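Heads up: take any position in the sequence shown, counting from 1, add 1180, and you land on the numbering used here.
Note that the Cβ used here is the ideal one computed from N, Cα and C, for glycine as well.
Everything numeric in this text was worked out from a predicted model, so none of it was measured.
Following: one structure in structure tokens, then a few remarks.
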Amino acid sequence: MADAYTFRSDVTAADLERIRALVSSTGVFSPVEVECAVELVLERLAKGPASGYHFVFAERTGDLAGYACYGPIALTAGSYDLYWIAVGKSAQGQGLGRILIEKVDKLVRAEGGRRIYIETSTREPYAPTRGFYLRCGCRLETVLEDFYAPGDGKAIYVRVL
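Here's what the structure looks like:
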């Protein structure tokens, strides 16, 4: 499966619109969330690695099929956040999300990371995402009720490396 994709970590200006289109294509994220994903690319382009945002892009025949964005958590010893992981609608359910998680794991380990924290909404549209994290071996650490809005909590998962 992984050999069907080309992976890269460098970020280009073209990724701004490619990520906007990919994240929008999932049908899960709100317009505000889509713009947040784009903002992280802008931050990386402006500050380079000093931004703290690192990316893994998966491309198939030149098209962006999925990506992950992660980075170290300030003031911790080896803890990282997985800020974004998204797979385009046409590539979902084929194992690309798991491949991206494994690639992030490898990169975080190489940087001395020990744990990756992942947060997501508890709303119903995010149920497949929460199931994906559990299937990938993440452990649900806690749920903060009504975090994002009334009835929309934050589920926090951890991957111990």
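Residue from the options whose Cα sits closest to the Cα of residue i
| i | options | result |
| --- | --- | --- |
| Gly1317 | Arg1278, Glu1213, Val1221 | Arg1278 |
| Asp1332 | Ala1307, Phe1312, Gly1311, Arg1319 | Ala1307 |
| Leu1280 | Glu1219, Ala1230, Trp1264, Ile1336 | Trp1264 |
| Gly1273 | Gly1311, Asp1183, Pro1330 | Gly1311 |
| Val1218 | Cys1249, Ala1230, Asp1243 | Cys1249 |
Contact under 8 Å by Cβ, residue i with residue j
| i | j | result |
| --- | --- | --- |
| Tyr1186 | Glu1239 | The sequence shown places Thr at residue 1186, rather than the Tyr named in the question. Result yes, Cβ atoms of Thr1186 and Glu1239 sit closer than 8 Å. |
| Tyr1247 | Leu1314 | no |
| Pro1211 | Gly1232 | no |
| Ile1298 | Leu1262 | yes |
| Arg1303 | Phe1237 | no |
| Val1208 | Pro1305 | yes |
Neighbourhood of residue i by C-beta distance below 8 Å, restricted to the same chain and skipping five residues each side
| i | result |
| --- | --- |
| Arg1295 | Gly1258, Ser1259, Tyr1260, Val1338, Arg1339, Val1340, Leu1341 |
| Cys1216 | none |
Other residues of its chain near residue i: CB distance less than 7 Å, five sequence neighbours each side excluded
| i | result |
| --- | --- |
| Val1191 | Val1221, Arg1224, Leu1225, Phe1235 |
| Tyr1328 | Ser1301, Lys1334 |
| Val1214 | Arg1200, Val1203, Ser1204 |
Beta-carbon proximity list for residue i, same chain, < 6 Å, skipping 5 on both sides
| i | result |
| --- | --- |
| Arg1289 | Leu1341 |
| Val1267 | Gly1246, Leu1276, Gly1277 |
Query raised in the report: Can you list the beta strand (DSSP E) stretches of 3 or more residues lying completely in the stretch 1265-1306, in chain order?
Result: 1295-1301
Query raised in the report: Is the stretch 1322-1329 touching the stretch 1282-1290 in the sense that three or more CB pairs, one from each, lie closer than 8 Å?
Result: no
Report task. Evaluate the contact criterion for the stretch 1254-1261 versus the stretch 1192-1202: three or more CB pairs, one atom per stretch, below 8 Å. Result -> no
Query raised in the report: At which residue ranges does the stretch 1192-1229 contain complete alpha helix (DSSP H) runs of 4 or more residues, listed in the order of the chain?
Result: 1195-1205, 1211-1227
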